[in-house]
Every structure is written in C-alpha cells, then in structure tokens.
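A quick write-up on the structure given underneath.
Numbering (the working numbering), first residue to last: 441 to 819.
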C-alpha cells in the first residue's frame with residue numbers, strides 16, 4: 441500500500457504532455473547503428489552509419505545513474521541532431537558497493553529519476569528510445585540474483601512513469617543474454633525468463649513499444665549466420681514467436697547487441713559473417729535497428745571491437761561502412777539545432793541551461809519530493 445501511495449503522489453506532481461510514439465517502420469528507416477560506451481564517439485558513429493546512401497542511423501549508449509550531467513547529455517543530443525543520428529539510451533545503475541562483481545539492482549526511484557532527467561533534454565527526434573536496463577536474466581546484472589517477477593514489475597512501473605511524463609518515450613525491454621542456461625538465480629534462460637515475466641505481470645509485453653534482442657552468434661560468439669537456433673543471431677525470431685503467444689501487439693524488433701569476436705575465427709570471417717547477416721537473417725521487415733557491440737573498446741570487450749586498440753578500422757568496420765543503406769526519415773523535433781548549421785563540424789549554437797533548472801522542472805522534481813516526503817519514505 442505504501443509503495444502505491446508514493447507512486448501516486450509522484451505521478452500526480454509530474455507535468456505531463458499528451459503525445460504518442462510513432463511506428464519507426466511506418467516511414468523510411470535506416471536500420472544500421474552502432475553501440476558505444478562514450479558520448480564523444482558519436483561523430484565516428486555518424487561517419488559509419490550514414491554512409492552509402494544512409495541518413496539517420498542509430499547510436500546506442502548506456503547512461504549510469506550517477507551520470508546525470510545535463511550539459512554533457514544535452515550536448516550529446518545536440519550532436520545527434522546535427523549529425524542525423526537517432527539515440528537509443530540504455531539505463532544502467534552502477535557496480536554494487538558491497539559486491540563489485542555485480543551491478544546494483546535498480547529501484548523504482550532510479551526509473552523515476554531517469555525519466556525526469558531524460559525528459560529535461562531536447563531530443564533530436566519525436567521518438568525517445570529508452571531501454572530499461574540490461575541482460576536482467578543474469579544474476580550479475582540484477583544485484584546477484586536474477587528475478588523475472590521483480591524485473592517485470594519494475595518494467596511495468598518504468599513504462600508508467602516515462603509515459604506519464606512524456607508519451608514520446610519509446611520504451612524497450614532489457615535485451616537478454618541469449619546463451620544463458622537455467623541455473624538457479626545465477627542465470628535464467630531468456631525464454632524461461634520472458635515467460636516468467638508474463639506470468640508475474642500478465643500482458644507486460646503489451647505495455648512496451650518495441651522489443652530489444654541480444655541476438656549474438658552463440659555458442660561462443662563465433663557461429664556463422666547460417667546457424668539459426670534459439671542461441672544464434674536468429675534468436676530474435678524465436679523471441680518474436682514466443683511474444684506472439686503472450687502479447688496482442690506486434691512489437692518492432694531492435695537488435696541492440698550482437699557481434700562476432702576476434703578469437704576462434706579470422707578477421708576475414710568476421711567481416712564476411714557481418715555482411716551475410718545484414719543481407720540475409722537481419723533483412724527482416726520487423727527490425728528497426730541493429731547496433732552491434734561495440735565501436736571501440738579495450739580490455740575484455742576488445743575482442744568485439746570494430747576498431748583496433750591502436751585506433752585502426754577493422755575489416756568488419758569497413759563492411760558496415762560500405763553496406764547500402766536507406767535515408768531514414770524520422771520526425772525531427774530539435775529543429776533549432778538542425779537549423780544552426782548544415783555543415784558537419786561547424787560550431788553549434790550556445791545553449792542556455794538556466795531555464796532547464798527552474799524549480800518547476802521535472803529534473804528537480806524527484807529530489808524535491810524526496811525532501812518533502814522523506815519522512816514518509818522512511819516509514
């Protein structure tokens with residue numbers, strides 16, 4: 441009872457705007473995208489996804505709960521508008537303070553704060569794509585123990601909060617580890633997890649706007665595109681079949697992570713597999729975006745990287761760059777930035793952020809309410 445009363449108080453105080461998401465497949469769409477870790481990589485992404493006839497490709501980037509820097513993220517959105525790149529923002533918490541091997545389990549207040557912050561930004565397009573956390577069928581991504589019912593309830597709450605603030609938010613589920621076995625709460629097979637989500641919150645997949653899939657070439661991240669199993673780059677199609685049994689909506693598909701590693705197969709094979717995947721398995725009319733993991737990385741993620749640790753482009757980078765692409769036509773919102781310059785590399789207009797920090801702005805709302813209702817939250 442206490443939880444629902446708090447939520448009601450918070451939602452009643454949030455300013456709302458009546459909009460609605462658009463079907464990204466209802467117009468010309470450039471499905472080519474890239475997954476990055478840092479906002480500064482957006483210009484390199486634009487040069488990769490908007491080549492060979494392409495325009496308005498996609499960029500996927502995580503935002504951690506401690507990284508709500510309005511100047512940084514508005515700068516990112518302005519760059520996205522100028523460079524014609526559509527952002528997909530994935531929510532993330534941070535490492536658990538008491539167990540550095542896992543990510544802290546997100547709470548409802550995290551989703552509320554993210555919704556307030558992300559709504560304070562001027563986005564480049566009408567659809568504001570947001571992924572609600574990451575690979576939650578793994579225990580290390582959910583505080584140490586995966587729990588489908590907990591995630592389903594948090595996803596439902598997140599949809600309500602984001603849509604209450606602005607219905608232009610286009611909400612996607614967490615992509616799942618498509619190779620996870622059923623191993624207690626350490627790992628839960630994605631198909632089992634999705635079924636458990638719907639059991640816990642019947643109709644949960646009617647609430648979201650699109651479905652995020654991590655269609656990796658498993659086992660081992662090295663399987664050829666011709667291997668079409670529940671663990672392969674075709675896993676999105678098996679997920680879609682399962683969803684059709686649990687949802688009355690036909691959800692557009694976003695392949696938000698995928699990719700081959702540079703171990704066990706040659707660089708030539710990696711590049712060949714990527715090209716074949718885009719022209720066969722992923723040439724599916726339900727797919728909105730494909731954002732391979734990852735543009736540039738070191739350490740354990742270097743084996744997926746599209747660039748070498750020395751900063752050189754790999755063969756698969758060149759394949760993606762050379763792919764024939766479509767000129768996307770999303771509904772553009774951030775026109776003041778687009779009008780500022782038509783030349784990539786020209787300076788953006790100077791933005792004034794004081795107006796975004798007025799007391800009645802949603803970004804400050806959760807902090808204000810926490811202070812006001814702190815006594816109640818501690819009951």
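C-beta atoms are modelled at their ideal positions from N, C-alpha and C, and glycine is treated no differently.
Reference residue i; option with closest CA among the options
{"i": "residue 576", "options": "645, 544 and 760", "result": "544"}
{"i": "residue 518", "options": "565, 549, 550 and 619", "result": "565"}
{"i": "residue 578", "options": "569, 603, 599 and 631", "result": "631"}
{"i": "residue 644", "options": "757, 492, 687 and 523", "result": "687"}
{"i": "residue 515", "options": "558, 716, 598 and 633", "result": "558"}
{"i": "residue 529", "options": "548, 474 and 494", "result": "474"}
{"i": "residue 635", "options": "749, 684 and 667", "result": "684"}
{"i": "residue 601", "options": "550, 754 and 628", "result": "550"}
{"i": "residue 509", "options": "499, 560 and 540", "result": "560"}
{"i": "residue 548", "options": "598, 713, 580 and 485", "result": "598"}
{"i": "residue 720", "options": "740, 702 and 665", "result": "665"}
{"i": "residue 589", "options": "628, 568 and 555", "result": "628"}
{"i": "residue 472", "options": "714, 708 and 573", "result": "714"}
Nearest-angstrom Cα separation, counted from residue j out to residue i
{"i": "residue 698", "j": "residue 652", "result": "11 angstroms"}
{"i": "residue 553", "j": "residue 607", "result": "16 angstroms"}
{"i": "residue 704", "j": "residue 710", "result": "10 angstroms"}
{"i": "residue 503", "j": "residue 596", "result": "20 angstroms"}
{"i": "residue 642", "j": "residue 758", "result": "44 angstroms"}
{"i": "residue 772", "j": "residue 462", "result": "12 angstroms"}
{"i": "residue 835", "j": "residue 700", "result": "Outside the modelled stretch of the chain, which goes from 441 to 819, sits residue 835, for which no answer is possible."}
{"i": "residue 756", "j": "residue 716", "result": "11 angstroms"}
{"i": "residue 570", "j": "residue 489", "result": "20 angstroms"}
{"i": "residue 594", "j": "residue 681", "result": "24 angstroms"}
{"i": "residue 532", "j": "residue 468", "result": "31 angstroms"}
{"i": "residue 689", "j": "residue 751", "result": "43 angstroms"}
{"i": "residue 555", "j": "residue 604", "result": "9 angstroms"}
{"i": "residue 876", "j": "residue 499", "result": "One cannot answer for residue 876 here, as it falls past the ends of the chain, which runs 441 to 819."}
{"i": "residue 712", "j": "residue 718", "result": "10 angstroms"}
{"i": "residue 580", "j": "residue 540", "result": "10 angstroms"}
beta-carbon residue i near the ligand SAH non-hydrogen atom, thresh 7 angstroms
{"i": "residue 478", "result": "Looking for the ligand SAH in the displayed structure turns up nothing, as the structure carries no ligands at all."}
Close Cβ partners of residue i (< 7 angstroms) along its chain, the five nearest in sequence each way excluded
{"i": "residue 663", "result": "657 and 672"}
{"i": "residue 616", "result": "575, 577, 630, 633 and 654"}
{"i": "residue 638", "result": "644, 645 and 686"}
{"i": "residue 749", "result": "738 and 742"}
{"i": "residue 592", "result": "637, 640, 641 and 644"}
{"i": "residue 609", "result": "568, 570, 602 and 603"}
{"i": "residue 485", "result": "474, 476, 499, 525 and 735"}
Residues of its chain near residue i, where Cβ-Cβ distance is below 6 angstroms and the 5 sequence neighbours each way are ignored
{"i": "residue 491", "result": "761"}
{"i": "residue 648", "result": "611 and 613"}
{"i": "residue 496", "result": "470, 524, 526, 768 and 770"}
{"i": "residue 487", "result": "none"}
{"i": "residue 722", "result": "730"}
{"i": "residue 501", "result": "476"}
Own chain partners of residue i with C-beta closer than 8 angstroms, once the 5 adjacent residues on each side are dropped
{"i": "residue 534", "result": "504, 505, 506, 543 and 544"}
{"i": "residue 465", "result": "692, 725, 726 and 728"}
{"i": "residue 619", "result": "656, 658, 659 and 671"}
{"i": "residue 493", "result": "764, 765, 766 and 767"}
{"i": "residue 707", "result": "754, 755 and 756"}
In chain order, each alpha helix (DSSP H) run of at least 4 residues that lies wholly inside the segment 524-567: The qualifying runs are 548-559.
Would you be able to state if there are at least three C-beta pairs under 8 angstroms between the segment 580-599 and the segment 622-629? With the cut-off at 8 angstroms, the segment 622-629 and the segment 580-599 touch.
Count the CB pairs spanning the segment 474-489 and the segment 716-736 that are closer than 8 angstroms, and state whether there are at least three. A contact exists between the segment 474-489 and the segment 716-736.
Please determine if the segment 743-756 and the segment 682-694 are in contact, where contact requires at least 3 C-beta pairs separated by less than 8 angstroms. Contact between the segment 743-756 and the segment 682-694 is absent, because fewer than three Cβ pairs lie under 8 angstroms.
Every unbroken beta strand (DSSP E) within the segment 641-686, with a cutoff of 3 residues, ordered by chain: Under the rule that a run must span 3 or more residues, the beta strand (DSSP E) segments found entirely inside the segment 641-686 read 651-654.
Complete runs of the alpha helix (DSSP H) confined to the segment 446-523 [at least 4 residues]: You should have 482-489 and 510-523.
Hey, which unbroken runs of the beta strand (DSSP E) at 3 residues or more fall wholly within the segment 693-762? For the segment 693-762, the continuous beta strand (DSSP E) assignments of 3+ residues that do not extend past its boundaries occur at 693-697 and 727-730, in sequence order.
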